Structures are given as structure tokens and as C-alpha cells.
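A.B. asks: My structure is below; once you've seen it, I'll send some questions.
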Amino acid sequence: MHELLQLIVTGLVIGSVYALVAMGFALIYKSTSIINFAQGEFVLVGGYICWWLYTMLGIPIVWAFLLTMVIAVGMGMLLERLVLRPMIGEPIISVIMITIALATVLKSLVTILWGTQIKVFTPAIFSQKAIHFGTVLVSEVYLWTFGFAFLFLGVFAAFFKFTRVGISMRAVANDQQVAQSMGISVKRVFAISWSIGALVSAVGGLLVGNINGINITLSDFGLKVFPAVILGGLDSIGGAIIGGLTIGILENIMGSYLDVYLGGGVKEIAPFIVLIIILMVKPYGLFGIKEIERV
Amino acid sequence: MPLLSVNNIEVIYDDVILVLKGLSLSVEEGQIVAVLGANGAGKTTTLKAISGLLKTEEGEVTDGTIEFDGEKINHLDPELIVRRGIFQVMEGRRVFEDLTAKENLVAAAHTQRCSRGELEKRIEQVYHYFPRLKERENGLAGYLSGGEQQMLVIGRGMMAKPRLMMLDEPSLGLSPLLVGEIFEIIVKLNKDLGTTILLVEQNARMALNIADHGYIMENGKIVLDDTTEKLKNNEDVKRFYLGMTDMGTKRSYRDVKHYKRRKRWLT
């Protein structure tokens, strides 16, 4: 029992980062209908940039953090303007190929710039000291990660619910033509969606980077996001968050209980087994929107 | 000078389908103008040409000009046209289903650089005209009744404080009682707020009762235009749009042939 609780708590922490990245993915899908295969590379780039600013350039962490966010927003906007906007109206397969190409390019750029060795944030930002919660042990860095991930999730949830820009973004996701008829610029909403998508992923990257250090495999995060968003329903932002948390917990529990019997590696494949099961049983996910039918 | 003047426009969809063939109409400030016509006559296309939404669906104004307040607007993007004060309330009550009624109103004020207080004031104004929306303000718009959705889309139009509001078949699929209610409010908008209204309708009787001027469209052209008083007394309009015969009796099947012949002659 005690072990299970421990697994749930650590799973929740990683899950909160999945949730953050999944939210970015769902947001881009919801407002632009583009499946972004480069989401994991946004995580990678975010992690590396923050590490570079902090460890290599010696910028204080608060500024490095903020600067990473600014750069991520700029990157999202630039990619939307230069790469994705010209693709509006092109066949879906071309757009998907573009995001896959984007993923490869970003990954290679990171390799060219920083190599493939594991990089660690030095000096460490958060201590690894364990804190006791009853019988459960949680290290400080995990708490910070969880806290920040939830801070961002909360801020964006409030943004979509209460601000006028947020509401207009949801309006575009709901019906583009009507949104245009009221003067909402769809192009601008696309640009904002990509910036937020890049921003939350970059934050996810620097948070995870703080736990384990970063190397090129950080981009695998992007793959883990698929089970999360499909569990939650592709076009539901709330669903993406819950999906992320669930996948985080599930992979942790399955990994630790089944590794003994299967000889390791279960943690890596667990989310994808879940993915296949969801697609068979509940293809719209838990919160995927089916059209509202009035009766 | 009219507030809106459409001069001899031609609209082509998909580079081949000619929908409007030299259409002209004008709307004076403060008027209610009705455009009547059968299905497929091009009424909605006319509105979309004016609001610029044609550009979102492979349509294009290939000839002629559209002028609003003396300035040519036919090349502008829809959002710029909204900013100039033209708001199209689209056909079929297209509410944002996943947003609440109130959020629908907030989204509609997107072009308005107004403070929170001003925004709330405008929402209150909409509720003043449509008290039923206030009761449902936090409910998802997708679950409102048809009448409430129509009220909501007109309310959205009010949020943008347009000089010209274009309504596309507000009576579509509503009960006669509700249609009466909606039309009363359209008149009130026109009288109280001074909003100029361009109304596209199938319900010719209702439309002619509230409008000052009417246009009759067929096959992408205006075939008749006059003050509504005169239109209501025009024999052809009476027969084809108001469904009345000379004696006020029902028509027999023999007249159907005659109807077709007359109609062909009319175009």
C-alpha cells in the first residue's frame, strides 16, 4: 500500500508535465486542426535553451526561465508565420509531413548546437532533498515541478475561461467562419495557439530537465503526449490535463509492478498499450467532443 | 449618399459558378431594407459579398463595387469590414455551441476596444432586449432553444454596435409567435439604436411589414425594387410572394402552369 502511494505521487509529478505538454498539443489541434508531431521537440528545445542560458551563460535562473519562455513564444509565432500559415488549405497529409519535418530539423539543430551528451543544470536549481509526507517520500525538485506545472495549467485554464482573447480563441475552435464574421482574426488566433503550445512545452522541458538532466531523448516526451491526449479526447483541453496525469501514474505503476515479470522496460511501453486499448474501446476519449444534439 | 451601395457586382464561386449577375442595391442610413427571393436566388451570397465572408468559401467578387459610407470595401478582409461597422448575423443560428451564452456575447465584441465596464453595460443592454438570455447566460449556447439561439445571434450583432446589421433569415425554423417577437425587436433596434438593417427573408409578409424598402431577387439579379407600400400592392409580388390571388381564394392546379409562365416572364 505504501509503495503504491509512493508510485502514485511520483507518477503524478511526471504526469503533471505530460499534462502541460498535452495541453499545448490539444490547444494547437483544437484551434488549427493540425496534429503537431513536433510537440516533443518543443520540449527538447525549451529544456536546452534554459540549460544553455543558466549553465553556460550564467544568467540567474529566474531570468533564464523568463527568457526561455519569451524565446519559446517567439519560436512558436515564427514557425506559425513561416512554416504553417502557408500550408493553410493544403491537404492534411502535407501539413502532417511538415510537422514531422519540423521535428527532425529542430532535433538536428539541437544536436548540432549542443551535442548528444547529457547536460545537467549546474549548480542544481532545486535540491534533491527528500521531504516526508506521512510515509511518502518526495524530493524537493519533484514538488517544484508539480507546483510549476499546475501553476501554468491554472493560468491557462483561467486565460481561456475569463479573458477576451481566450474566449475568442475558443470561438475560433468552435466555428471559424462565424468567428470571422464577428471580426476575430483567425490568423492571429493561430499564431497565439502556436506560441502557447511552444511555451508550455518549453516549460515542460525545463522542468523535466531539472529532474533528470537533458539530452536528445527528451523529445520522446512528445510521443508520450499522444496517449495522454487520446485518453482525454483530442480536442479537449481539460481532457488533455486529466489524460496526462493518468498516463503519468499508470506508466509508473505498471512499470514498477510488471517489470519483475516481464524483465524491464514496461514503463516505456505502458502508455502505448493504454493508447491502443483506448482507441479500441473509446475512440473519442473521455472528454472528446461529440456534436451537441438538442432534443 | 446611401450608407451602403452595391453596384453591379458579379460573384463567382470556385472560378466557374456565376451566382450574382450584375446585382445592385443601396441602403440608406436608418432604413430597414428587405431582400426577398426564392431559395438559390443569391440572397445569402449577396450578404456574404458585402461582409467579405465570401473569401472564406472560395467565392469572389469579380466585377462591380461595394461601397460603405463612401468607401470601397470589396477587397477588404472580413475582420476589417466588421471594424468599419457592418455585422452579418449568419443564417441558421450559428451560435458557438461550446461557449456559454454570455461568452458568445463577449466574443462578438471582439473588435470593440472597450473596458470591462463598458462590455458589461453592453451585455446588460442585450439582456434588456432579450430578458430570456439573462436567465440562460451561464448555460452552454448549444443547449438553448431555437428561439433563444436566434436571440443570442442577434444579441451578438448588438455587441459590435454596427452601423449596418445584416440579418440572414432570422425567422428560419421558428414558430410564428417567436417570429413576431424577433421582428418586433428588429424594429426596436432600428428605432431605438438607429441601427440600419438589411434583412434577407423568405417570410415575405413579415419582412415587407417592417421594412421601408424592398428588393426582389431572382437568379442572381434584382428583378423588382420599390418601397414596401408599393411592393405590397404589386400584383406579381402579391401572387408569387404573398400567396394571394385576386379574390383571396386558393389557387387551383390549373394555375400552376400559369404561375410558371408568369414567373419566367418576370425574370
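Residue numbers (the numbering used here), protein chains in the order written: chain A, 13 to 307; chain B, 502 to 768.
For each residue, glycine too, the CB sits at the ideal point set by N, CA and C.
Treat the numbers as computed from the prediction; the structure is a model and nothing was measured.
Let me check you understand the geometry: is the CB of leucine 243 (chain A) closer than 7 Å to at least one non-hydrogen atom of the ligand GTP?
C.D. replies: Within the structure as shown, the ligand GTP is missing, as the structure has no ligands at all.
A.B. asks: At the level of alpha carbons, what is the spacing between valine 122 (chain A) and proline 103 (chain A)?
C.D. replies: Each residue's Cα considered, the two are about 29 Å apart.
A.B. asks: What residues from chain A crowd round glutamine 626 (chain B), counting only those whose CB sits closer than 9 Å?
C.D. replies: Per Cβ cutoff of 9 Å: no residues; glutamine 626 (chain B) is ~17 Å from chain A at best.
A.B. asks: Output, in sequence order along the chain, the residues in the stretch 549-565 of chain B whose CB is closer than 7 Å to any CB in chain A.
C.D. replies: The stretch 549-565 of chain B vs chain A, Cβ under 7 Å: Ser552, Leu554, Thr557.
A.B. asks: Is there a C-beta anywhere in chain B that falls below 8 Å from the one on methionine 194 (chain A)?
C.D. replies: Yes, its Cβ sits closer than 8 Å to a Cβ of chain B.
A.B. asks: Assess, as a yes-or-no matter, whether the stretch 656-671 of chain B is touched by the stretch 586-605 of chain B under the definition of 3 or more beta carbon pairs within less than 8 Å.
C.D. replies: Yes, since at least three Cβ pairs between the stretch 586-605 of chain B and the stretch 656-671 of chain B fall closer than 8 Å, the two stretches touch.
A.B. asks: Using CA coordinates, which residue listed in A:Thr258, A:Phe171, A:Val57 is at the minimum distance from glycine 297 (chain A)?
C.D. replies: Closest option to glycine 297 (chain A), Cα to Cα, is A:Thr258.
A.B. asks: For glutamine 500 (chain B), go through chain A and note every residue whose CB falls closer than 7 Å to its CB, in chain order.
C.D. replies: Because chain B spans 502 through 768 in this model, residue 500 (chain B) falls outside it and cannot be assessed.
A.B. asks: In this structure, what does DSSP give as the bridge partners for glutamine 669 (chain B)?
C.D. replies: For the sequence presented, residue 669 (chain B) should be read as aspartate rather than glutamine. DSSP, once it has assigned bridges, lists B:Val701 as partnering aspartate 669 (chain B).
A.B. asks: For serine 120 (chain A) and proline 663 (chain B), what's the separation of their Cα atoms in angstroms?
C.D. replies: If you take the alpha carbons of serine 120 (chain A) and proline 663 (chain B), they lie about 51 Å apart.
A.B. asks: What's the call for asparagine 710 (chain B), buried or exposed, on a 16-neighbour Cβ count within 10 Å?
C.D. replies: Classification for asparagine 710 (chain B): exposed.
A.B. asks: Step through the CB atoms of chain B and report whether any lies within less than 8 Å of the CB of glutamine 189 (chain A).
C.D. replies: Taking Cβ atoms only, chain B reaches closer than 8 Å to glutamine 189 (chain A), which makes this a yes.
A.B. asks: Please decide whether alanine 609 (chain B) counts as near chain A, where near means a Cβ-Cβ distance under 8 Å.
C.D. replies: Yes - at least one Cβ of chain A is within 8 Å of the one on alanine 609 (chain B).
A.B. asks: Looking at chain A, which residues of the stretch 589-603 of chain B have a Cβ within less than 9 Å of any of its Cβ atoms?
C.D. replies: Against chain A - using a Cβ distance shorter than 9 Å - the residues of the stretch 589-603 of chain B are Gln589, Val590, Met591, Arg595, Val596, Phe597, Glu598, Asp599, Leu600.
A.B. asks: Do you know how far the Cα of asparagine 639 (chain B) is from the Cα of valine 507 (chain B)?
C.D. replies: Computed Cα separation, rounded: 40 Å.
A.B. asks: Label glutamine 51 (chain A) either buried or exposed according to how many other C-beta atoms from any shown protein chain fall within 10 Å of its C-beta, with 16 as the threshold for buried.
C.D. replies: Per the 10 Å Cβ criterion, buried.
A.B. asks: Residues of chain B with CB under 8 Å from alanine 169 (chain A), in chain order?
C.D. replies: Within 8 Å Cβ-Cβ: nothing; alanine 169 (chain A) doesn't reach chain B, min ~14 Å.
A.B. asks: Are the beta-carbon atoms of glycine 565 (chain B) and glycine 721 (chain B) separated by less than 8 Å?
C.D. replies: No, the pair does not count as a contact, with Cβ atoms beyond the cut-off.
A.B. asks: Let's see if you can read the secondary structure: which residues bound the beta strand (DSSP E) around methionine 718 (chain B)?
C.D. replies: Segment 714-719, the beta strand (DSSP E) holding methionine 718 (chain B).
A.B. asks: To which residues of the same chain is glutamate 598 (chain B) closer than 7 Å at the C-beta, ignoring the five residues directly before and after it?
C.D. replies: Excluding positions up to five away in sequence, the list reads Leu641, Ala642, Gly643.
A.B. asks: Which one or two residues does DSSP pair with isoleucine 587 (chain B) in a beta bridge?
C.D. replies: Isoleucine 587 (chain B) is bridged to B:Leu665.
A.B. asks: Can you tell me the Cβ-Cβ gap for valine 738 (chain B) and isoleucine 717 (chain B), rounded? I've got them flagged as a contact below 8 Å.
C.D. replies: With 8 Å as the limit, valine 738 (chain B) and isoleucine 717 (chain B) qualify as a contact, their Cβ atoms being about 7 Å apart.
A.B. asks: Measuring alpha carbon to alpha carbon, tell me which of A:Lys42, A:Cys62, A:Gly36, A:Phe37 ends up nearest glycine 221 (chain A).
C.D. replies: The shortest C-alpha separation from glycine 221 (chain A) is found at A:Cys62.
A.B. asks: Is it the case that the stretch 125-140 of chain A contacts the stretch 179-198 of chain A, given that we only count it when at least three CB pairs across the two stretches are under 8 Å?
C.D. replies: In short, these stretches do not touch, since the Cβ pair count stays below three.
A.B. asks: In whole angstroms, give me the CA-to-CA distance for glycine 225 (chain A) and tyrosine 60 (chain A).
C.D. replies: C-alpha separation (whole angstroms): 10 Å.
A.B. asks: Taking proline 579 (chain B) as the query, report the chain A residues whose CB atoms sit under 8 Å from its CB, ordered along the chain.
C.D. replies: Within chain A, the residues near proline 579 (chain B) are Gln192, Ser193, Gly195.
A.B. asks: Relative to the C-alpha of phenylalanine 684 (chain B), which candidate in B:His714, B:Glu670, B:Val627 has its C-alpha closest?
C.D. replies: Ranking B:His714, B:Glu670, B:Val627 by Cα distance to phenylalanine 684 (chain B) puts B:Glu670 first.
A.B. asks: Less than 8 Å between CB atoms is the rule here; does valine 583 (chain B) satisfy it with respect to chain A?
C.D. replies: Interface residue, yes.
A.B. asks: What residues in the stretch 82-97 of chain A have a beta carbon less than 7 Å from any beta carbon of chain B?
C.D. replies: Cβ contacts with chain B: none found.
A.B. asks: Just grab the DSSP bridge partners of threonine 258 (chain A) for me.
C.D. replies: Answer by DSSP bridge pairing: none, since threonine 258 (chain A) is not bridged.
A.B. asks: Would you call the stretch 80-89 of chain A and the stretch 146-162 of chain A touching, i.e. three or more CB-CB distances under 8 Å?
C.D. replies: No, the stretch 80-89 of chain A does not touch the stretch 146-162 of chain A.
A.B. asks: Short of 6 Å in beta carbon distance, which residues of its chain neighbour phenylalanine 158 (chain A), apart from the five on each side in sequence? Order them along the chain.
C.D. replies: Closer than 6 Å at the Cβ level, and outside the excluded window around phenylalanine 158 (chain A), lie Val25, Ser28.
A.B. asks: Assuming phenylalanine 54 (chain A) and serine 213 (chain A) are in contact, meaning their beta carbons sit under 8 Å apart, how far apart are those beta carbons, in whole angstroms?
C.D. replies: Right, their Cβ atoms sit about 4 Å apart.
A.B. asks: Helix, strand or coil: which one does DSSP assign to glutamate 564 (chain B)?
C.D. replies: Per the sequence shown, the amino acid found at residue 564 (chain B) is aspartate instead of glutamate. Three-state result, aspartate 564 (chain B): strand.
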